[in-house]
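Student:
Residue numbers (the working numbering): 663 to 820.
1) Under a three-way DSSP split, which group does residue 724 fall into?
2) Residue 822: buried (16+ other C-beta within 10 angstroms of its C-beta) or exposed?
3) Can you list, in chain order, the residues of its chain whose CB lies under 7 angstroms from that of residue 717, leaving out five sequence neighbours each side?
4) Does the Cβ of residue 772 have 16 or more other Cβ atoms within 10 Å, making it buried, or fewer, making it exposed?
5) Tell me which residues share the same chain as residue 741 and place their Cβ nearer than 6 angstroms to its Cβ, disregarding the 5 neighbours each side in the sequence.
6) What whole-angstrom Cβ distance do residue 667 and residue 815 have, given they're in contact under 8 angstroms?
7) If we ignore side chains and look at the alpha-carbon of each, how far apart do residue 726 and residue 744 end up?
8) Whose CA, out of 669, 695, 753, 792, lies closest to the CA of residue 808?
9) Within its chain, find whatever has a CB closer than 7 angstroms to the CB of residue 798; leave out the 5 residues flanking it on each side and keep chain order.
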């Protein structure tokens with residue numbers, strides 16, 4: 663039976679980065695991953711872990727003003743989107759959004775609701791919220807929305 667969802671409690675920034683690395687290892691080829699959560703929940707920290715898990719060394723900054731930050735990691739392409747400041751989803755069409763998505767490209771999208779109607783559907787949605795246990799804790803809820811998303815979750819729980 664396919665696993666549709668996974669819940670994970672993480673405490674501290676390093677735990678977020680480490681789980682992001684694990685997620686990267688579970689992604690074969692490309693995927694579209696939506697990252698949802700309020701400001702300050704750790705979406706960019708989690709993205710840093712994913713990108714490091716793909717082999718990126720160096721800083722990972724939130725592309726709040728540029729909307730997208732490309733990462734060419736050997737044979738792999740990854741794109742980190744932050745749509746927080748997007749005024750209209752149509753702006754994504756002007757920047758050639760469709761060129762960024764493909765079977766072998768990993769796309770991480772923060773604030774995906776701002777691109778609704780233009781973004782392709784997510785393979786996996788990661789919702790990050792404050793954990794009841796304290797300020798440093800985060801509750802991650804991963805939900806698969808495709809076979810690729812189910813495959814990623816299955817590898818994480820194996």
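Using N, Cα and C, we set each Cβ at its ideal position, and we do this for glycine too. On a predicted model such as this, the values are computed, not experimentally measured, just so you know.
Tutor: Per the coordinate set shown:
1) Correct three-state label for residue 724: coil.
2) The shown model of the chain, from 663 to 820, leaves out residue 822, and the question about it has no answer.
3) Around residue 717: 735, 736.
4) Residue 772 is buried by the Cβ-count criterion.
5) Result list for residue 741: 730, 732, 762, 769, in chain order.
6) Sure, about 7 angstroms apart at Cβ, within 8 angstroms.
7) If you take the alpha carbons of residue 726 and residue 744, they lie about 5 angstroms apart.
8) Cα-wise, what sits closest to residue 808 is 695.
9) The beta carbon of residue 798 is closer than 7 angstroms to those of 673, 674 in its chain, skipping five residues each way along the sequence.
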